[in-house]
Each structure stands twice: as C-alpha cells, then as structure tokens.
Amino acid sequence: MAVDVVVVGSVNLDQVIEVAALPVPGETVQGGPIIRLGGGKGANQAVAAARLGCSVALVGAVGTDADSAQLRAELVAESVDVSRLAAVEGPPGHAVVLVDRQAENVVVVSPGANARLDSDTVQAAGDLIAAASVVVAQLEVPLPAVLAAARLASATFVLNPAPAPAELPDELWPLVDVLVPNRTELARLCGVPDSGLRAPGEVARLAAGLPCERVVVTLGADGALVRDGARTELIAAPTVRAVDTTGAGDTFCGALAVALAEGRNLADAARFAVRAAALSVEQTGARTAMPTRARLAAAGELVQDAR
Ligand code: ATP
Numbered sequence: 001m002a003v004d005v006v007v008v009g010s011v012n013l014d015q016v017i018e019v020a021a022l023p024v025p026g027e028t029v030q031g032g033p034i035i036r037l038g039g040g041k042g043a044n045q046a047v048a049a050a051r052l053g054c055s056v057a058l059v060g061a062v063g064t065d066a067d068s069a070q071l072r073a074e075l076v077a078e079s080v081d082v083s084r085l086a087a088v089e090g091p092p093g094h095a096v097v098l099v100d101r102q103a104e105n106v107v108v109v110s111p112g113a114n115a116r117l118d119s120d121t122v123q124a125a126g127d128l129i130a131a132a133s134v135v136v137a138q139l140e141v142p143l144p145a146v147l148a149a150a151r152l153a154s155a156t157f158v159l160n161p162a163p164a165p166a167e168l169p170d171e172l173w174p175l176v177d178v179l180v181p182n183r184t185e186l187a188r189l190c191g192v193p194d195s196g197l198r199a200p201g202e203v204a205r206l207a208a209g210l211p212c213e214r215v216v217v218t219l220g221a222d223g224a225l226v227r228d229g230a231r232t233e234l235i236a237a238p239t240v241r242a243v244d245t246t247g248a249g250d251t252f253c254g255a256l257a258v259a260l261a262e263g264r265n266l267a268d269a270a271r272f273a274v275r276a277a278a279l280s281v282e283q284t285g286a287r288t289a290m291p292t293r294a295r296l297a298a299a300g301e302l303v304q305d306a307r
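Following this line, the structure appears as structure tokens:
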C-alpha cells in the first residue's frame with residue numbers, strides 16, 4: 001500500500017548520561033543513570049511526520065538483538081511502517097551522549113546496522129519509494145543507499161545533509177528537489193567557515209550559490225530561510241520558551257515532508273515546519289517533544305507565524 005512519506009535513514013539507540021562537567025581526555029567522571037531513548041535522524045524524522053498525521057514508512061536497518069526489537073516496537077507504536085526496516089546481524093546504531101549542567105554535550109555514534117544499509121535494501125523498497133509523495137533522506141546511512149533512494153523517488157526527494165558532509169557526489173545534486181541544511185551544513189557544503197554565517201543575508205547569498213533551486217536553511221531561533229528559484233523568504237520563528245533544542249531539526253524535516261506531501265508550496269511548507277519545530281523545543285528530549293497534529297492545532301495563537 002502506498003504511503004505519503006518514505007524516510008530513508010538511520011535508527012539509533014541513544015544512551016544519555018548526565019554529568020556535572022564533561023570529562024577531559026584521560027579523566028573518569030561519575031554520571032547519573034543511563035537514559036535510553038530511541039533516536040537516529042531517520043527514525044526521528046519518520047516519527048515527526050507520523051505524529052503530524054501522514055502515513056510514513058521507514059527504510060533503514062537495525063540489528064537482531066533485543067535493543068533492535070525495542071527500537072522497532074517503538075516505531076510501530078508511533079504508527080511508522082517498519083516493514084522495510086532490514087534486520088542485519090549484530091547491534092543497531094548507538095549514540096552515547098554525555099550532557100553537562102549547561103546542556104553542553106559530547107556525542108559518540110557507533111553506526112552499527114546503519115552502516116550496513118545498502119542500495120539493495122533500498123531497491124527492495126522501490127515500490128514504496130516510487131509511490132510516495134515525498135521521500136526524505138539524511139547522511140547517517142551510507143551514500144549508496146541515499147543515492148538509490150534519490151534515483152527511485154518519483155515525486156519530491158528531500159535531502160537533509162546531516163551530519164555535515166564535506167561535499168556531495170556530483171550525481172546526487174540533480175536528484176535533490178529540496179535541500180534542508182542547517183547553518184553548519186550549509187557552510188560545509190559551500191566550503192566556508194561556519195563562524196561567519198550569522199546573518200540571514202549571508203545565508204541567502206550562500207544558498208543561492210548551491211546547485212539546487214529549492215533550499216530551506218534552518219536557522220535555529222531565527223526560523224528558516226527559503227530559496228525557491230529566484231525567490232528568497234525569511235520565515236521568522238515564533239518566540240517560545242526554549243528548553244531543549246535536541247531534535248528540532250528532525251521535527252522540522254518531518255513536518256516539511258508532511259506539508260509538501262499535502263501539496264503546499266515550499267514557503268508554506270516551511271511555515272508549517274517552523275511552527276511544528278518551535279513546539280518541539282519547549283520540552284526535553286528529541287521525540288518526546290515532537291508535536292502531534294492536535295497539539296499543533298491547539299497551540300494556534302502561540303505558534304502563529306511571527307511577523
Ligand atoms: P538540532 O541539531 O538541535 O536538532 P538543527 O541544527 O538541525 O537542530 P536548527 O536550525 O537549530 O536545526 O533548528 C531547526 C528548526 O527548529 C529551526 O529552523 C526553527 O524553526 C526551530 N527552532 C530551533 N530553535 C528554536 C528556538 N529557540 N525557538 C523557536 N524555534 C526554534
């Protein structure tokens with residue numbers, strides 16, 4: 001059966017430990033209890049889209065252990081179709097996250113099964129991918145898998161180039177319908193230092209130089225900048241009480257996919273995503289904070305477009 005949105009990406013088990021201060025090399029520190037959370041950009045974006053009311057399938061890979069079974073079950077509970085989630089021998093992807101009292105963190109990712117998502121597995125989901133209104137991928141899985149998804153997508157292919165790549169292969173660029181980088185990823189793709197990228201005007205100039213006509217740059221509390229051909233628009237984020245921005249980018253990408261699948265134009269879709277992502281920073285945790293369609297509607301006034 002066709003689904004609105006197919007996400008091709010990673011599934012991780014995040015293990016978060018709170019520490020008073022992040023350790024320096026060679027140091028051992030005591031931390032709090034291990035908090036285990038479902039994560040991974042692919043799985044998070046699939047959950048974000050499903051919460052907003054789209055039918056969603058996730059193409060990816062987990063392992064064969066109990067952690068993998070748990071990750072799969074959590075996705076099913078979120079109404080994400082996991083029928084094309086491969087099980088490869090060994091553990092799933094893990095992310096070990098240390099967070100200090102200032103909310104600074106260090107993260108180590110062990111890709112596990114994500115590293116073994118190959119183009120054949122993606123190809124096997126070709127029927128779903130070709131029939132989807134929107135296909136979304138990130139870069140936490142191998143590039144051949146991303147390329148296979150881009151080639152199979154027949155409607156809109158959205159690439160969130162995260163984690164920031166040094167460059168994208170030439171053959172991928174013409175297949176990307178909408179690119180959704182944050183400032184760091186934009187800087188990396190443009191080959192400029194990240195630090196010089198504060199002003200939206202500068203962001204717009206860089207986005208205009210990318211070999212992709214439709215770009216949405218996420219700008220944290222500044223909202224998002226949309227380049228749609230010759231038009232550029234800055235969409236301000238509503239003012240909210242930001243508690244934890246973890247997963248804001250994933251909420252944004254999932255929401256953008258939903259809005260595009262519903263037929264909105266790029267600027268309107270970005271407006272929808274800005275509102276959804278604003279709600280996601282009001283609570284701790286990546287997935288816990290992702291809004292449902294009902295919460296987004298109920299938030300109404302609060303998350304009206306900031307003008
Ligand atoms: P993360 O890695 O923390 O998930 P990111 O770096 O991929 O995020 P950001 O640009 O920081 O992406 O945030 C994504 C979107 O979330 C922004 O475009 C904005 O719409 C929303 N957002 C983030 N921070 C805030 C904030 N403080 N207030 C309102 N909206 C925010």
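Following the working numbering, the numbering of the sequence shown begins with 1 at its first residue and continues without gaps.
From the three backbone atoms N, C-alpha and C, an ideal C-beta is built for every residue, glycine too.
Cut-off 7 Å between Cβ atoms - residues of its own chain near V3, not counting five sequence neighbours on either side: S55, V56, A57, D81, L128, A132
With respect to the beta strand (DSSP E) encompassing I235, which residues constitute its N-terminal and C-terminal limits? 231–235
Output yes or no for whether 7 Å exceeds the beta carbon distance between N105 and E140. no
Close-in-space but distant-in-sequence residues of the same chain around G53 (CB under 6 Å, 5 per side omitted): R293
Quick check: is any heavy atom of ligand 1 less than 6 Å from the C-beta of F272? no
Hey, is G220 close to ligand 1, as in C-beta under 6 Å from one of its heavy atoms? yes
In the structure shown, what three-state DSSP assignment does N160 receive? coil
Would you say the segment 278–296 touches the segment 248–262, given that touching needs at least three Cβ pairs under 8 Å? yes
Could you tell me the boundaries of the beta strand (DSSP E) in which Q45 lies? Element bounds for Q45: not the beta strand (DSSP E) but the alpha helix (DSSP H), 41–51.
Can you say whether Q45 is buried or exposed, counting buried as having 16 or more other CB atoms within 10 angstroms of its CB? buried
Is A277 close to ligand 2? I mean its beta-carbon at under 6 Å from any heavy atom of the ligand. Within the structure as shown, ligand 2 is missing, the only ligands being ligand 1.
May I ask you to report which of helix, strand or coil DSSP gives E202? helix
Between V6, L37, A50, which has its C-alpha nearest D67's C-alpha? L37
Under a Cβ-count criterion, where at least 16 other Cβ atoms within 10 Å of its own Cβ denotes burial, should Q102 be classed as buried or exposed? exposed
Could you give the distance in angstroms between the alpha-carbon of V19 and the alpha-carbon of E202? 37 Å
Indicate whether P92 and L159 have their beta-carbon atoms separated by less than 7 Å. no
How close, in whole Å, do the beta carbons of L179 and P161 come, if the pair is a contact with beta carbons under 8 Å? 7 Å
Residues of its chain near V99, where Cβ-Cβ distance is below 8 Å and the 5 sequence neighbours each way are ignored: V16, I17, E18, V19, N105
Per DSSP, cross-strand counterpart(s) of I310: The structure shown has nothing for residue 310, since the chain only spans 1 to 307.
Note down, in chain order, each residue of its chain lying with its Cβ closer than 8 Å to the Cβ of S83, except the 5 sequence neighbours on either side. A57
I think L219 touches R183, with their Cβ atoms under 8 Å apart; what is that distance to the nearest whole Å? 6 Å
By the 10 Å Cβ neighbour count, where 16 or more other Cβ atoms means buried, how is G9 classified, buried or exposed? buried
So, using beta-carbon positions, are A286 and F272 closer together than 7 Å? no
When we look at the beta-carbon of Q138 and count the other beta-carbons within 10 Å, is it buried (16 or more) or exposed? buried
Might you give, ordered along the chain, the residues of its own chain that have their beta carbon closer than 8 Å to the beta carbon of D194, omitting 5 neighbours on each side? R183, T184, A187, R188
Report the CB separation of V274 from G223 in whole angstroms; it is logged as a contact under 8 Å. 5 Å
Compare the beta carbon distance of T156 and V136 with 7 Å and say whether it is the shorter of the two. no
Secondary structure of G254, DSSP reduced to three states: helix
Among A124, A166, D177, the one whose alpha carbon lies nearest that of A150: D177
Who are the Cβ neighbours of A21 in its own chain at under 6 Å, not counting the five residues just before and after it? D100
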